[in-house]
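Going by this note's numbering, the sequence shown opens with residue 82, and the numbers climb by one from there. All C-beta atoms in this analysis are idealised placements derived from N, C-alpha and C, irrespective of residue type, glycine included. Here the structure is a predicted model, which is why all the values come from computation and not from measurement.
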Amino acid sequence: MKILVINCGSSSLKYQLFDMENEKVMVKGLVERIGIDGSRLIQKVEGKEDFLIEKPMSDHTKAVGYVFDALVDKENGVISDLSEIDGVGHRFVHGGEKVAKSVIIDDEVKKAVEEYTKFAPLHNPANMMGFEACENLLPNVKNVAVFDTAFHQTMPKENYLYALDYKYYEKYAIRKYGFHGTSHKYITQRAAAILEKDIDDLNIISCHLGNGASICAVKNGKSFDTTMGLTPLEGLVMGTRSGDLDPTVVTFLMDAENMSTAEINNELNKKSGVLGISGVSSDFRDLEENANEGNERSGIALKMFANRAKRYLAGYIAELGRCDAIVFTGGIGENSVTMRESIMEGFEQFNIKLDKEKNNVRGGENIVSTDDSNVKIMVVATNEELMIAKDTQSLIK
């Protein structure tokens, strides 16, 4: 069975084609600048030179059309005919309370995506455009939606409600939804396999740390609490997002700087986080380099990121009662040896101990705690695309 995975942004499209017999990636590609001058597609196949298409792509339907052309290209493709594609899995950001698991896309799913576009105005419409393009060009193939929010629909009310007048939850569905759910779900499954533990008895804390970052407390294999909220803005300090702050900061800045709601949203989502603190970059590699060279603000930004993660880790350990493992994933979680050390520093008093020698790894699947640590500390490379492909395969079977 061959599954195509599509991940659409507002002006971009990432794709991978999987052979599910061995869960191997046959091809991966990226389309950039959809609807903008300079549209191009770059496709990568192991053992071949990169394949480039530079043609105008006015919308996602045109972009998906070129993806299909690239997949069946006689010299650069990997399949001879589009009929070899058995299903298409799409990443969707926000399914709200209406979608608690991956689903074959039908009219009800479309309504849910439209309803919760109010909380994901940049992502949900783009995700839907990718689906509609595939529906038009592959009318006989089933499409599956895999939602970032779905994994977190098992959180109890005391963890997802905000301490606002309850009428706002009833009227507007204002609550914590959580994101990165596909990654946290994959990490939970891999941790259970690595630790040889029944997933229904598995308690872990999954730390998806990248330019966007979230931590998830997993209890008995299900999401119990998570750092991101109504939108991906809440929680950890991130590359350009502020994370948690006093809500009065928002109203103060709007008054003091005469900002509109669009301007304050842009400020908190795109100009804050470690970029705002450092004034240098949202890339943690740049920050580490600058901090090592004596840039004080870069050093402060890194410490803020680590300290916020510590607070949530300690709180989630207490919430879970028993924690089997702390798992680091994502671009920073998998690759930054120093950030893992910074976050885990101080947990020795609870006999949760990082082994600095074992921790000197990037990616893969590794246990990096000392042998006598009360809680395993792990590094596990995430694979959201494979998780989407697996969910798609199970549904279309």
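In terms of DSSP beta bridges, what is residue i paired with?
| i | result |
| --- | --- |
| Gly-170 | Val-86, Val-225 |
| Val-184 | Ala-226 |
| Gly-110 | Tyr-96, Gln-124 |
| Ser-450 | Leu-435 |
| Val-460 | Phe-409, Asn-447 |
| Phe-132 | Gln-124 |
| Lys-489 | The chain is shown from 82 up to 478; residue 489 falls before or after that span and cannot be answered. |
| Lys-300 | Lys-303 |
Helix or strand or just coil, what does DSSP make of residue i?
| i | result |
| --- | --- |
| Thr-307 | strand |
| Asp-325 | coil |
| Asp-295 | Note on residue identity: the sequence assigns Ser, not Asp, to residue 295. Ser-295: strand per DSSP, three-state reduction. |
| Ser-423 | helix |
| Ile-286 | strand |
| Ile-117 | coil |
| Ala-343 | helix |
| Val-148 | helix |
| Val-355 | helix |
| Asp-367 | helix |
| Tyr-258 | coil |
| Ala-244 | coil |
| Arg-389 | helix |
| Ser-362 | coil |
| Lys-155 | coil |
| Ser-161 | coil |
| Phe-232 | helix |
| Gly-396 | helix |
| Asp-279 | coil |
| Arg-271 | helix |
| Glu-465 | helix |
| Arg-378 | helix |
| Val-331 | helix |
| Asp-140 | coil |
| Pro-220 | coil |
| Cys-404 | coil |
| Phe-212 | helix |
| Asn-416 | helix |
| Leu-317 | coil |
| Pro-206 | helix |
| Glu-338 | coil |
Classify residue i: buried if its beta carbon has 16 or more other beta carbons within 10 angstroms, exposed otherwise.
| i | result |
| --- | --- |
| Ser-475 | exposed |
| Lys-257 | buried |
| Asp-405 | buried |
| Gly-284 | Looking at the sequence itself, residue 284 is Asn, so the reference to Gly does not match. Buried is the call here. |
| Ile-117 | exposed |
| Gln-234 | buried |
| Leu-245 | exposed |
| Arg-366 | exposed |
| Asp-472 | buried |
| Gly-357 | buried |
| Glu-466 | buried |
| Ala-226 | buried |
| Gly-262 | buried |
| Pro-313 | buried |
| Asn-205 | buried |
| Gly-402 | exposed |
| Asp-336 | exposed |
| Asp-279 | exposed |
| Tyr-253 | exposed |
| Ala-399 | exposed |
| Leu-133 | exposed |
| Ala-343 | exposed |
| Asn-464 | buried |
| Ala-274 | exposed |
Please report the Cβ distance between residue i and residue j, rounded to the nearest whole angstrom; I am assuming they are in contact, meaning their Cβ atoms lie under 8 Å.
| i | j | result |
| --- | --- | --- |
| Ile-84 | Gly-170 | 6 Å |
| Arg-378 | Ser-359 | 5 Å |
| Thr-329 | Gly-259 | Not a contact, Cβ separation roughly 24 Å. |
| Thr-142 | Ala-214 | 4 Å |
| Lys-90 | His-289 | The sequence given here places Gly at residue 90; Lys does not occur at that position. Between His-289 and Gly-90 the Cβ distance is about 18 Å, and since that is not below 8 Å, they are no contact. |
| Ala-372 | Leu-383 | 6 Å |
| Thr-410 | Ala-462 | 7 Å |
| Glu-195 | Lys-179 | With 8 Å as the limit, Glu-195 and Lys-179 do not qualify as a contact, their Cβ atoms being about 10 Å apart. |
| Leu-163 | Tyr-147 | Not quite, the Cβ-Cβ distance comes to about 13 Å (not below 8 Å), so this is no contact. |
| Leu-94 | Ala-151 | The pair is not a contact, with the Cβ atoms about 12 Å apart (cut-off 8 Å). |
Counting Cβ pairs closer than 8 Å, one from the segment 452 to 472 and one from the segment 430 to 442, do we hit at least three? yes
Take every Cβ of the segment 378 to 392, pair it with every Cβ of the segment 304 to 324, and state whether three or more of those distances are shorter than 8 Å. yes
Any contact between the segment 111 to 119 and the segment 135 to 151? By contact I mean 3 or more CB pairs, one from each, below 8 Å. yes
Does the segment 263 to 272 come into contact with the segment 289 to 309, if we say contact requires no fewer than three beta-carbon pairs (one atom in each stretch) closer than 8 Å? yes
Would the segment 175 to 186 count as touching the segment 194 to 204 if we require 3 or more Cβ pairs under 8 Å? yes
When you compare the segment 441 to 451 with the segment 328 to 346, are there three or more beta-carbon pairs, one atom per stretch, that lie closer than 8 Å? no
If you pair each beta-carbon of the segment 234 to 243 with each one of the segment 184 to 198, do three or more pairs fall below 8 Å? no
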